[in-house]
Structure formats: structure tokens, C-alpha cells
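Visitor: In the numbering used here, the protein residues as written are 167 to 464.
My questions all concern the structure below.
Printed below as a string of C-alpha cells:
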């Protein structure tokens with residue numbers, strides 16, 4: 167009986183909990199509602215969208231925006247390009263950044279502090295656009311597949327986060343015990359370290375995937391070949407061209423173009439965000455663990 171009396175909350179604590187939960191619900195609605203509206207509008211009748219009669223569930227399911235978007239030249243090609251850039255770039259980033267972070271976490275690394283500084287300092291130095299472009303051009307990466315992969319392959323931030331994870335999660339005594347059993351460095355990393363590193367792999371993998379998927383500035387600067395351009399750049403170009411057509415039209419023609427452009431815009435938002443939204447639930451558990459561990463003090 168005393169236990170329940172001790173656990174009973176005071177009136178002020180109950181009011182505080184109500185306030186916190188209410189605030190959380192309001193924030194969730196502010197975040198979810200715009201996305202839900204876009205999804206519902208993309209499947210609604212264009213006339214309902216034009217008149218503002220978008221319901222919680224579409225009164226009539228339509229695919230006008232998606233059909234018009236798919237009919238655009240280079241859309242499917244750019245979509246496949248973006249998927250390929252994201253998959254290859256994420257794999258390359260994991261293959262490079264995870265071992266680099268583990269190497270920096272080793273106590274027996276020669277000049278460990280200076281090597282760490284070498285990776286940390288560039289994070290605070292912004293590179294100039296023209297020098298970077300000239301460097302990329304000299305490397306022969308302009309208008310190539312790899313110009314969308316190499317910039318994400320080595321990230322000082324990812325390496326530092328991986329180092330923090332290994333310092334906090336992988337005890338040095340585990341390596342010493344493995345050495346006694348005759349385990350080599352590579353075998354130890356593959357069989358022991360990697361299986362224990364799912365959290366940081368999820369964090370770096372998701373960050374890199376989102377960065378590549380949403381990248382359009384690199385494509386704008388380095389890719390002039392339309393067959394290599396990613397989805398974000400093609401969508402941006404389509405939306406700008408639609409706006410130009412609307413500005414030149416008048417009357418009912420302008421209204422019709424505006425409705426079609428809005429439907430295509432809603433469909434583009436859904437298509438461009440769906441892959442990342444579907445990916446997150448699969449790595450959510452490990453992602454949350456990795457973020458929490460990476461935030462701990464070394």
C-alpha cells in the first residue's frame with residue numbers, strides 16, 4: 167500500500183505531464199499534417215485540389231499527377247540514376263569511414279592525436295567553389311558517375327562519429343583477449359567489431375543515403391549530361407519550366423496549367439521522399455542507438 171502511495175503523482179506533476187503530452191501532440195501534428203496533406207492531394211481529383219476540398223482520405227482516387235510526372239522526359243532515367251548513386255555511394259562510404267573510425271580509436275595508433283586533428287580541422291574550413299571545381303575537373307570526374315559518389319565517400323564528420331562510437335562501445339580488452347586466442351587484426355574487425363557496430367553502420371549509412379538522395383547542387387555544377395543527372399535536379403527543372411509556362415499563359419489556360427503543375431508537384435514530393443521514408447523504419451532501432459552512443463562523452 168505504501169508503494170502505491172509513494173508512486174502517486176501530485177496535482178502539479180499531473181498537470182505538467184498533460185502539458186508535455188499536449189505539446190508533443192501539437193508538434194507531431196505540425197510535422198505530420200503537411201506531409202499527409204501532400205500525400206492525399208497527390209491522389210485526389212485535381213478539381214478538389216483546385217477548390218481546396220482535400221479530405222482526410224481522397225473522395226476519388228486519381229493518379230493524374232503521377233501520370234504526368236512519369237511522362238516527362240528523363241524522369242525514370244533520373245530516378246534510376248539517383249537510386250544507383252545512393253546505393254553505391256552509401257556502400258563506398260561505409261567501406262571507407264567505418265574502418266577509418268575504428269583505426270582512429272585504436273590506442274596503439276601512431277600519432278593518434280595528430281591524425282585525429284587532420285580529420286577534424288577540415289570540418290571547420292569551408293572550401294571555395296572554384297578551387298573545388300578545378301580539382302574535380304583535373305581528376306577527370308566532371309560529367310561522370312563518380313562525381314556523385316566520391317564527395318560522399320570520405321566524410322571527416324562520419325569518421326569522427328565512428329571513432330567516438332568505437333571508443334565508447336568496443337573495449338580494448340576485447341582486442342587483447344582476441345590476440346591471445348590468435349586472432350589477427352582483419353579477422354577481429356570482420357568477425358567481432360562489425361557485428362557489434364550495427365548502430366553506427368545504420369547512422370552513417372542513413373546520413374550518407376539521405377545526403378546523396380537529396381543532393382542536387384553537385385549535379386548542377388558538375389553534370390551537364392542529362393542522362394547522368396539525378397532526380398532532384400530533373401524535378402527542379404520541371405517545376406521551374408512549369409512556372410514559366412504559367413507566367414506566359416492567361417485566363418483558363420493559366421488556371422489549368424496551375425492545377426496540373428500543383429498535381430505534379432505533389433506527386434514529385436511523394437516520389438522523392440518515399441524511398442527514404444520507407445528505409446528509416448528498417449534502421450530506426452540501430453539509428454537511435456548509434457545517435458545516443460555517439461553523443462556520450464569519451
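Using N, Cα and C, we set each Cβ at its ideal position, and we do this for glycine too.
1) Answer yes or no: do residue 204 and residue 436 have a C-beta to C-beta separation smaller than 8 Å?
2) Check residue 264 in the structure and name its three-state DSSP category.
3) Compute the beta-carbon to beta-carbon distance between residue 336 and residue 362, rounded to the nearest angstrom, for a pair I have assumed lies under 8 Å.
4) Work out the CA separation of residue 254 and residue 323 for me, nearest whole Å.
5) Between residue 234 and residue 430, what straight-line distance do the alpha-carbon atoms span, to the nearest angstrom?
6) Please say whether residue 394 and residue 245 have beta carbons closer to each other than 8 Å?
7) Please return the same chain residues whose Cβ sits closer than 6 Å to the Cβ of residue 374, not counting the five positions on each side in sequence.
8) If you follow the alpha helix (DSSP H) that residue 235 is part of, which residue opens it and which one closes it?
9) Check this for me: beta carbons of residue 379 and residue 252, under 8 Å apart or not?
10) Quick one: which unbroken alpha helix (DSSP H) runs of 4-plus residues sit fully inside the region 197–224? Chain order, please.
11) Measure from the alpha carbon of residue 406 to the alpha carbon of each residue in 392, 428 and 182, then state which is nearest.
12) Does DSSP classify residue 404 as helix, strand or coil?
13) Taking the alpha helix (DSSP H) that residue 314 belongs to, which residues open and close that run?
14) Which word fits residue 285, buried or exposed, when buried means at least 16 other C-beta atoms lie within 10 angstroms of its C-beta?
15) Is residue 339 helix, strand or coil by DSSP?
16) So, helix, strand or coil for residue 192, using DSSP?
17) Between the C-alpha atoms of residue 449 and residue 440, what's the straight-line distance to the nearest angstrom?
18) Could you tell me which of 227, 207 and 226 sits nearest to residue 218, measuring between CA atoms?
19) Am I right that residue 270 and residue 281 are in contact with their C-beta atoms under 8 Å? What's the rounded C-beta distance?
20) With DSSP collapsed to three states, give me the class of residue 392.
21) How is the alpha helix (DSSP H) around residue 369 delimited, first residue to last?
22) Which first and last residues belong to the alpha helix (DSSP H) in which residue 472 is found?
23) Tell me whether residue 424 sits in a helix, a strand or coil according to DSSP, three-state version.
24) Starting from residue 157, follow the alpha helix (DSSP H) in both directions and report where the run begins and ends.
25) I need the DSSP call for residue 356, collapsed to helix, strand or coil.
26) Looking only at its chain, what residues have a beta carbon closer than 6 Å to the beta carbon of residue 227, apart from the 5 residues adjacent to it on each side?
27) With a threshold of 8 Å on Cβ separation, who are the neighbours of residue 137 within its own chain once the five nearest residues in sequence on each side are excluded?
28) Look at the alpha carbon of residue 202 and the alpha carbon of residue 215, and state the distance between them as a whole number of angstroms.
Guide: According to the structure data:
1) yes
2) helix
3) 6 Å
4) 19 Å
5) 7 Å
6) no
7) 256, 259 and 318
8) 230–236
9) yes
10) 212–216
11) 428
12) helix
13) Here residue 314 belongs to no alpha helix (DSSP H), and DSSP marks it neither H nor E.
14) buried
15) helix
16) helix
17) 15 Å
18) 207
19) 6 Å
20) helix
21) 364–379
22) Absent from the structure is residue 472, since the part of the chain shown begins at 167 and ends at 464.
23) helix
24) Beyond the ends of the chain as shown, which are 167 and 464, falls residue 157; an answer cannot be given.
25) helix
26) 209
27) There is no way to answer for residue 137, as the model of the chain reaches only from 167 to 464.
28) 14 Å
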